[in-house]
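Engineer: Here the sequence shown is numbered in this note's numbering, starting from 97 and rising by one per residue. Glycine included, C-beta positions come from ideal geometry on N, C-alpha and C. The structure presented is a predicted model; accordingly, all values stated were derived computationally and were not measured. After the structure tokens below, expect a handful of questions from me.
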Amino acid sequence: MLLSELVSYIDDYLDVKKIPDCSLNGLQVEGFKECQSIATAATASLEAIDAAIESGADTLIVHHGLFWKGQITPVVGAFKDRLNAILESNINLLAYHLPLDTHLVVGNNRYLSDLIKLSEIDYIEPGNPNSGALVGILDEPLTVAQIAKIYSESLNTPVSVVGDCDEKILLSKIAICSGSGSSFVDDCMSHPFDALVTGDIKEQTYHLAKESGTPVFVLGHHASEQGGIKRLGDHLARKFSLEHHHLHFSIEKEVKTYDCSAN
97 MLLSELVSYI DDYLDVKKIP DCSLNGLQVE GFKECQSIAT AATASLEAID
147 AAIESGADTL IVHHGLFWKG QITPVVGAFK DRLNAILESN INLLAYHLPL
197 DTHLVVGNNR YLSDLIKLSE IDYIEPGNPN SGALVGILDE PLTVAQIAKI
247 YSESLNTPVS VVGDCDEKIL LSKIAICSGS GSSFVDDCMS HPFDALVTGD
297 IKEQTYHLAK ESGTPVFVLG HHASEQGGIK RLGDHLARKF SLEHHHLHFS
347 IEKEVKTYDC SAN
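Here it is in structure tokens:
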């Protein structure tokens, strides 16, 4: 299919124009005019770009692209290497940030909601995709440990929990915000949910979560934003008979932790 047709379809499907964002969503770098094979990844890292090229993809679709609104930067260092790799290979780069987080079918938040089988799903401000998070009800109440185990096994990543981790408490109403979603606990002490699932948190989140009695599940930013971009790629592959390669890099598992307290 034509690149222009693919871009137009995704822009409409994700309602890009209706979601204010700091990302330049849509086509970021133009290459091949025809699209037959797509690759998806969370971030347009050099590792992902090289893997997409090696897979034979003509188009790379990511959640975190190379270009952001208001960005003025010299083309040097890692940014130069990434851009140079894309231009030399003539591969297309498409990026979709908040519109992919919030989509009710293929979005990152919806993917994380489905892993723990939430129902009655809506935005944290009912009907408003710009409110940034989803809220749903567990089919059966679960403990902190049960939810952490589901995410750890499903995403193949370590899961941390801050705040109230009392194993006797059963959780029912869960808020989901992939990436950096700690603001939903940080902004107030009274929350319309029993627990929050997110990617990463700020320093004050631990204290506010504990003081408000709200468990916060920390999945890792990268791990929390794998599902949406893969679902989008799978959807496009089915609809347009495209070849699809999802490029998954387990960043959180590769980070080395050193405990020097015993020395």
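With DSSP run on the structure shown, which of helix, strand or coil describes residue 283?
Structural biologist: Note: residue 283 maps to coil in three-state DSSP.
Engineer: Could you give the distance in angstroms between the alpha-carbon of residue 221 and the alpha-carbon of residue 228?
Structural biologist: Those two C-alpha atoms are separated by around 9 angstroms.
Engineer: Under 8 angstroms between the Cβ atoms of residue 343 and residue 137?
Structural biologist: Yes, the pair counts as a contact, with Cβ atoms nearer than the cut-off.
Engineer: With a Cβ-Cβ cutoff of 8 angstroms, do residue 182 and residue 154 count as a contact?
Structural biologist: No.
Engineer: Mind reading off the beta-carbon distance from residue 82 to residue 313? Whole number of angstroms is fine, and I expect it under 8 angstroms.
Structural biologist: Because residue 82 is not part of the residues shown, which for the chain are 97 to 359, the question remains open.
Engineer: Tell me whether residue 262 sits in a helix, a strand or coil according to DSSP, three-state version.
Structural biologist: Of the three classes helix, strand and coil, the one that applies to residue 262 here is coil, per DSSP.
Engineer: DSSP three-state call for residue 200: helix, strand or coil?
Structural biologist: If DSSP states are grouped into helix, strand and coil, residue 200 belongs with coil.
Engineer: Does the distance from the CB of residue 156 to the CB of residue 140 come in under 8 angstroms?
Structural biologist: A contact, by the Cβ cut-off of 8 angstroms.
Engineer: Can you tell me which of 306, 315, 325 puts its alpha carbon nearest to the alpha carbon of residue 203?
Structural biologist: Comparing Cα-Cα distances from residue 203 to each of 306, 315, 325, the minimum goes to 325.
Engineer: For residue 126 and residue 161, I'd like the C-alpha separation in whole angstroms.
Structural biologist: So the two alpha carbons sit approximately 13 angstroms from each other.
Engineer: Please report the Cβ distance between residue 215 and residue 274, rounded to the nearest whole angstrom; I am assuming they are in contact, meaning their Cβ atoms lie under 8 angstroms.
Structural biologist: 19 angstroms between Cβ atoms; not a contact.
Engineer: May I ask you to list the residues that DSSP assigns as paired with residue 137?
Structural biologist: In DSSP, residue 137 forms a bridge with 158.
Engineer: Under 8 angstroms between C-beta atoms, does residue 174 make it to chain C?
Structural biologist: No chain C appears in the structure shown, which is made up of a single protein chain.
Engineer: At what residues does the alpha helix (DSSP H) containing residue 269 begin and finish?
Structural biologist: Note, residue 269: premise wrong, no alpha helix (DSSP H); beta strand (DSSP E) at 267-276.
Engineer: Considering only the alpha carbon of each residue, which of 144, 108, 164 lies closest to residue 318?
Structural biologist: The shortest C-alpha separation from residue 318 is found at 144.
Engineer: Does residue 219 come out as helix, strand or coil in the three-state DSSP assignment?
Structural biologist: Strand.
Engineer: Among 128, 135, 121, which residue has its Cα nearest to the Cα of residue 338?
Structural biologist: Taking only the C-alpha atoms, the option nearest residue 338 is 135.
Engineer: From this set, 149, 236, 255, 235, which residue's C-alpha is nearest residue 244's C-alpha?
Structural biologist: Out of 149, 236, 255, 235, 255 has the C-alpha closest to the C-alpha of residue 244.
Engineer: Report the residue from 340, 278, 297 whose alpha carbon sits nearest the alpha carbon of residue 152.
Structural biologist: Nearest of 340, 278, 297 to residue 152, Cα basis: 340.
Engineer: Residues bridged to residue 188 by DSSP?
Structural biologist: DSSP output for residue 188 lists 155 as bridge partner(s).
Engineer: Would you please state the rounded distance, in angstroms, between the beta carbons of residue 234 and residue 212? I believe it to be under 8 angstroms.
Structural biologist: At roughly 6 angstroms, the Cβ-Cβ gap stays under 8 angstroms, so residue 234 and residue 212 are in contact.
Engineer: Using CA coordinates, which residue listed in 272, 260, 332 is at the minimum distance from residue 304?
Structural biologist: Residue 304 has its Cα closest to that of 260, out of 272, 260, 332.
Engineer: Below 8 angstroms between beta carbons: does that hold for residue 98 and residue 150?
Structural biologist: Taking 8 angstroms as the Cβ cut-off, residue 98 and residue 150 do not qualify as a contacting pair.
Engineer: Should residue 116 be labelled buried (16 or more other beta-carbon atoms within 10 Å of its own) or exposed?
Structural biologist: That one is exposed.
Engineer: By Cβ distance below 7 angstroms, which residues in the same chain neighbour residue 185 in space, the five residues on each side in sequence not counted?
Structural biologist: Cβ neighbours of residue 185 beyond the five flanking positions: 149.
Engineer: Within 10 angstroms of its Cβ, does residue 201 collect 16 or more other Cβ (buried), or is it exposed?
Structural biologist: Classification of residue 201: exposed, given that the 10 Å Cβ count is below 16.
Engineer: Pop quiz: residue 199 and residue 123 are said to be a contact at Cβ under 8 angstroms. What is the actual Cβ separation, rounded to whole angstroms?
Structural biologist: Between residue 123 and residue 199 the Cβ distance is about 18 angstroms, and since that is not below 8 angstroms, they are no contact.
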